[in-house]
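K.L.:
The sequence shown runs -19 to -1, 1 to 124 under mature numbering (1 follows the signal peptide of the UniProt record, and there is no 0). Think of the CB as a built atom: it goes at the ideal place given N, C-alpha and C, for glycine as much as any other residue.
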Amino acid sequence: LFLFLSFFFLCWKKEMVDNCTLPLIPPLGESRKLPLEGKRNTLITSALPYVNNVPHLGNIIGCVLSGDIFARYCRQRGDNVLYVCGTDEYGTATEVKALKEGITPKEICDKYHACHKSVYEWFDIKFDHFGRTSTQNQTEIAQ
C-alpha cells in the first residue's frame, strides 16, 4: 500500500502535472467554493491533526493523503469539490506542550499551525481551505 501511495503521489508532483492533459486543480484560496446546481458537489474532510508537534508521515499517510487523492480524482471526473482540513488547537496536549516550551498555548498553536501548513504544501497536498479550530469563524459555525 505504501509503495502504491508513494507512486501515486510522485505521479502528481507539479512537474508531472504540468506535462499532463488532465484538468489542473485551481490554486488554494483562488475562489470561494459553493455548491453548483446540476453538478456533483463533493465535500471532503480529513482528520484534524493536533498542533502539539511537527507533523509526521502518519499525519500525511493516515489522514490527509487519502483525502487529497480522492479530491483529485473527483475533480478529474468533473465534480465540484471542497476539500477542507485544519489543525485541532484544543486539548490538554497543546497546553502541556506550551508549558514544556515556556510559551502560551496560542503561541504553540501559531507555531505548529504554520509548521503543519508548510509541510503539507511541501508535499503538494491541495486543500481548498486549511483552517484552525481556534478561529472565531470556526467557533461560531461549530455552535
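Kindly examine the ligand ATP and report whether one of its heavy atoms sits closer than 7 Å to the Cβ of Ile106.
P.N.:
For the structure depicted, the ligand ATP is absent and the ligand set is empty, with no information on it obtainable.
K.L.:
DSSP state of Thr85, grouped into three classes?
P.N.:
Numbered from its first residue, the sequence shown carries residue 85 at position 104. Of the three classes helix, strand and coil, the one that applies to Thr85 here is coil, per DSSP.
K.L.:
Please identify the residue among Thr120, Glu18 and Asn22 whose C-alpha is closest to the C-alpha of Asn64.
P.N.:
The residue given as residue 64 occupies position 83 in the sequence shown. In the sequence as displayed, the identity of residue 64 is Tyr instead of Asn. If we check each option's Cα against that of Tyr64, Asn22 comes out closest.
K.L.:
Go ahead and label Val45 buried or exposed: buried means 16 or more other beta carbons lie within 10 angstroms of its beta carbon, across all protein chains shown.
P.N.:
For the purposes of this step, residue 45 is taken as the residue at position 64 of the sequence shown. With 16 or more Cβ atoms within 10 Å of its Cβ, Val45 is classed as buried.
K.L.:
In the DSSP assignment, find the unbroken beta strand (DSSP E) run with Ile25 in it and report its ends.
P.N.:
For the purposes of this step, residue 25 is identified with residue 44 of the sequence shown, where counting begins at 1. Residues Asn22 to Thr26.
K.L.:
So Gly59 is in the beta strand (DSSP E); what residue range does that whole segment cover?
P.N.:
Counting from one through the sequence shown, the residue named residue 59 turns up at place 78. Taken as a continuous stretch (DSSP letters only), Gly59 belongs to no beta strand (DSSP E), as it is neither H nor E.
K.L.:
Look at the alpha carbon of Thr73 and the alpha carbon of Tyr101, and state the distance between them as a whole number of angstroms.
P.N.:
Along the sequence shown, read from residue 1 onward, the residue named residue 73 stands at position 92. Along the sequence shown, read from residue 1 onward, the residue named residue 101 stands at position 120. If you take the alpha carbons of Thr73 and Tyr101, they lie about 24 Å apart.
K.L.:
Let's see if you can read the secondary structure: which residues bound the beta strand (DSSP E) around Phe111?
P.N.:
Numbered from 1 along the sequence shown, position 130 holds the residue referred to as residue 111. First-last of the beta strand (DSSP E) with Phe111: His110 to Arg113.
K.L.:
For Ser115, count neighbouring C-beta atoms within 10 Å of its own C-beta (all shown protein chains included) and say buried if the count is 16 or more, exposed if not.
P.N.:
For the purposes of this step, residue 115 is taken as the residue at position 134 of the sequence shown. Under this definition Ser115 is a buried residue.
K.L.:
Got a sec? Which residues, its chain only, sit under 8 Å from Ala79 by beta carbon, not counting five neighbours each side?
P.N.:
For the purposes of this step, residue 79 is identified with residue 98 of the sequence shown, where counting begins at 1. Only Thr85, Pro86, Glu88 and Ile89 meet the Cβ criterion.
K.L.:
Look at the alpha carbon of Glu76 and the alpha carbon of Pro30, and state the distance between them as a whole number of angstroms.
P.N.:
For this step, residue 76 is matched to residue 95 along the sequence shown. For this step, residue 30 is matched to residue 49 along the sequence shown. One C-alpha to the other measures close to 15 Å.
K.L.:
In angstroms with no decimal places, state the Cα-to-Cα distance between Leu9 and His110.
P.N.:
Reading the sequence shown from its first residue, position 28 is the one you call residue 9. Reading the sequence shown from its first residue, position 129 is the one you call residue 110. With a pLDDT of 48 at Leu9, under the threshold of 50, the predicted position of this residue should be treated as unreliable, and no value is reported.
K.L.:
Work out the CA separation of Phe108 and Val35 for me, nearest whole Å.
P.N.:
Here the question's residue 35 lines up with position 54 in the sequence shown. Here the question's residue 108 lines up with position 127 in the sequence shown. Each residue's Cα considered, the two are about 19 Å apart.
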